[in-house]
Structures are given as structure tokens and as C-alpha cells.
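J.: Residue numbers 18 to 287, in the working numbering, belong to the letters of the sequence shown in order.
Dropping the structure in here first, questions after.
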Amino acid sequence: MERISVTELDEWQKCPHSFYLKRQGWRKRAAPPPDPLAVGSMVGLAVEARLTLGKQHVAQALRTYQEKYDLVDRSDLHEQVMTCLDVMPEWVWEIQGAVTEDHIEHRYATHWTGDFPHIVEVVGRPDIWYVDEWGIHIVELKTCNVAYSGTARKLNDYAKYGAQPSRYAVLIRDAYPELDQLAIDRRHVVVSRKGFAAASLPFELSDRAVDNARSDMLELARQAVTSAPVHSFGPLCGWCEFSPVCEGYVNGQDTVGILKEHFEQRKRRA
Ligand code: SF4
């Protein structure tokens, strides 16, 4: 049985080759996460700590992350996180009963191998989700580093086409049959390290929208676990951690050598 996360499905859509290398466990050697990723992760951890444990646990959650990645001296990162938390819409802090579980998982038969169904377990974890008298709410948090107009533009893109919350909706529906009859909505919050925030209104997901997301998700999962990795060169390649490997590929260099020199292969989390 293969196991694939909602985040990996996103990575597969962006570039199958990057997906493949990450799935093989390749990571940049001894490098802390890039600043935007670190800030985004710390904001997510701080929000989770405050909603599930209480405001007094935020500092420890941030410190644990900074210690883990040797970022304790990066007060600039800490300040950026605080800026993002300061502009977070007030309604986020008023959420009651945010679900704290590690992740949601569900097994699907995506295709047949001979006489046997090929089972793929899809896992995922919304940034925030909770249930109230209206139904199920999924909230996705994004961080960026642009001025207000850029923040609003990013929100617009996420709110219209962001697929991840719909995939989480599928997982919640399928993994919790007891919640099957409840309405479900999604919304996005984008906070900028420059001190701006924009949030979408709740968007109710119809049964058809969830079914559409499910059928796309399963087809993507099928492709991801059965297809050969292929490069997806584009303008964003320069931002990808594997760009030295791919540049070497284009230029006919020893890509295995480049990979081994700059990256290390870690065991994937089960
Ligand atoms: S550099 Fe481009 S082609 Fe290579 S893995 Fe990254 S996104 Fe894919």
C-alpha cells in the first residue's frame, strides 16, 4: 500500500520530478528551512498552540521550532512571526474547539493491478478545522511578504482555486462518516510579514464540489504512485531546492554526483 499526503499531491502537480526526489527522502544537506518556509511553519505552530493549548504556550512552540532548526539567534524571524500574529483576524483567535489530531487519513482503491485493487492511503492535516452548530469549517493559513494589494491578490487566487482545503474536506467526509450529514465550508487567511492580512468569507462546499475534489485527488494519487518522474521546467525552477540538479541535467552533467554532494537522503516519515 502506498501512502501519500495532500501536500505531496500539490507537489506532484507542481513538478513530478521534485515530488519524486522528495519522496525518495532527498533533502538539502544540513540546511535550515528557507526563511519564508520557517516563518510560515512558525506562524502555523503559534496559531495551533494558541487555539488548542492557550496563549501562554505560543512562546514555547516557537522556541521548540527554532531550537530544532538552529534558528534561536534569528530574532528577525521571530519578529516577522509576531508581525503576522499581530495582524491575524480577530475571529481566528475566537475559534472554539479546533481539532488537535495529528493528521487525517483514509484508504482508497485508486486503480487495479491485475485482479487486485491498488490501495493508496491519503493523509492530510488542515491548518485549522473545527465543528460547530453550523457544520464543519476548514481554515487555511498562508504567509507572504508583500504589501496589502499583493496580499489581497494572493488571497483571491487561493480563495478561488486553492485545492488543498477541498481535499481536506474529502478526507474529513470519508474518514468521519458520523460527520457526513454536516455542511462544510472553507476559507483562507493570508498574512504578510510586512504587516497586512486578508481573509476570505466562508465558502460552502457543495456535495458536488467535494465529489469533484475526490475524483481529482484519487486520479492525482494514481498518477503520482504509478508514473515515472518527469521534469517540469519553468520560471519557478530557480526557487526550487533541486535546481542545481536539474540545471546539471539540462547541461548533461553528473546529476547523481550533484545530488550526493549537496543533498542527503533521509528516511521518510511513515
Ligand atoms: S528545478 Fe524545476 S524541474 Fe527541477 S525539480 Fe525543481 S521544479 Fe522540477
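Every residue gets a Cβ at the ideal spot worked out from N, C-alpha and C, and that includes glycine.
Taking the beta carbon of S232 as the centre, do at least 16 other beta carbons fall within 10 Å, making it buried, or is it exposed?
T.: exposed
J.: Within a Cβ cutoff of 7 Å, which residues of the same chain sit near S244, ignoring the five residues on either side of it in sequence?
T.: P33
J.: Heavy atom of the ligand SF4 less than 7 Å from the Cβ of S232, yes or no?
T.: no
J.: Should S249 be counted as a contact of the ligand SF4 given a C-beta to heavy atom distance under 7 Å?
T.: Look at S249: its beta carbon is less than 7 Å from one of the heavy atoms in the ligand SF4.
J.: Count the CB pairs spanning the region 20–32 and the region 136–148 that are closer than 8 Å, and state whether there are at least three.
T.: yes
J.: How should E236 be labelled, buried or exposed, when 16 other C-beta atoms within 10 angstroms of its C-beta is the threshold for buried?
T.: With fewer than 16 Cβ atoms within 10 Å of its Cβ, E236 is classed as exposed.
J.: If we count the other Cβ atoms within 10 Å of its Cβ and call it buried at 16 or more, is E96 buried or exposed?
T.: exposed
J.: Please determine, among G114, A214, A164, the residue with the shortest C-alpha to C-alpha distance to I153.
T.: G114
J.: Any idea what DSSP makes of I155, helix, strand or coil?
T.: strand
J.: Closest by CA to E195, which one among V148, S223, D52?
T.: Comparing Cα-Cα distances from E195 to each of V148, S223, D52, the minimum goes to V148.
J.: The ligand SF4 and H12: does the residue's C-beta get closer than 7 Å to at least one heavy atom of that ligand?
T.: Coverage of the chain is limited to positions 18 through 287, which leaves residue 12 absent and any answer about it impossible.
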